[in-house]
Amino acid sequence: MTFTLTSRDIQDGGVLPDAQVHAKGNTSPHLAWSGAPEGTRSYAVTCYDPDAPTGSGFWHWTVANIPADVTELATGAGSPGGHLPLSAVQGRTDYGKAGFGGAAPPPGHGPHRYIFTVFAVDVDRLDVTADDSGAVFGFNLHFHTLTKTSITATYENRG
């Protein structure tokens, strides 16, 4: 079985809706996944913009320690007032705080890719906190990822 990610809010290869844009809705999208491999003990979710003019991209969302029996996050789960599983930890985005931060490319910089990824993880809990950056989440995931699946959407701020 193939590990697959779907969403009611974003389409792979499509344009990111206003709901997921920082200056507009700033709402984390619905995500659902299936086909995780044997040995999956938890999940992690990230949203990353590799096109940000920083030299190192931009982390828009990091979540770890989602229990293995949870295979869906509702729209807004990573936004203020959203509902994530109690064990889940949202890390510090490159906006400087935990929780989802929507797309906000510089005006006139062209289209940016927003890669939403779900990781099947081989441990119940990664050693991460709400103060940890996307790089720290990524470092921990490097050693514990069984497989991953992604949806990529684009957004351009034409200014």
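Numbering (this note's numbering) for the sequence shown: 7 to 165. Built from N, CA and C at the ideal position, the CB exists for glycine as well.
Considering His-66, what are the terminal residues of the beta strand (DSSP E) in which it resides?
In the sequence shown, residue 66 corresponds to position 60, counting from 1. Its beta strand (DSSP E) spans residues 64-73.
Helix, strand or coil: how does DSSP classify Ala-94 here?
Translated into the one-based positions of the sequence shown, residue 94 becomes position 88. It is coil, neither helix nor strand.
State buried or exposed for His-89, treating a residue as buried only when at least 16 other CB atoms are found within 10 Å of its CB.
Residue 89 sits at position 83 when you count from the first residue of the sequence shown. So His-89 ends up on the exposed side.
Do Thr-158 and Tyr-120 have their CB atoms nearer than 8 Å?
The count along the sequence shown starts at 1 and reaches residue 158 at position 152. The count along the sequence shown starts at 1 and reaches residue 120 at position 114. Yes, they are a contact pair.
Out of Gly-116, Arg-98 and Phe-106, which has the shortest C-alpha to C-alpha gap to Thr-135?
In the sequence shown, the residue the question calls residue 135 occupies position 129. When only C-alpha atoms are compared, the closest one is Arg-98.
Starting from Leu-37, trace the beta strand (DSSP E) in both directions and tell me its first and last residue.
The residue you call residue 37 lines up with position 31 of the sequence shown. Element bounds for Leu-37: 37-40.
Rank Thr-33, Ala-74, Leu-92 and His-66 by C-alpha distance to the C-alpha of Trp-39 and give the top, closest one.
As a first step, residue 39 is located in the sequence shown; it is residue number 33 there, counting from the start. Taking only the C-alpha atoms, the option nearest Trp-39 is Ala-74.
Any contact of the segment 81-88 with the segment 128-146, i.e. 3+ C-beta pairs under 8 Å?
no
For the alpha helix (DSSP H) containing Val-51, name the first residue and the last one.
The sequence position of residue 51 within the sequence shown is 45, counting from 1. Element bounds for Val-51: not the alpha helix (DSSP H) but the beta strand (DSSP E), 48-55.
Quick one: what's Thr-155 bridged to in DSSP?
Numbered from 1 along the sequence shown, position 149 holds the residue referred to as residue 155. In the DSSP output, where bridge partners are listed per residue, Thr-155 has Val-124.
Name the one or two DSSP bridge partners that Leu-79 has.
Position 73 of the sequence shown, counted from the start, is the residue given in the question as residue 79. In the DSSP output, where bridge partners are listed per residue, Leu-79 has Leu-37.
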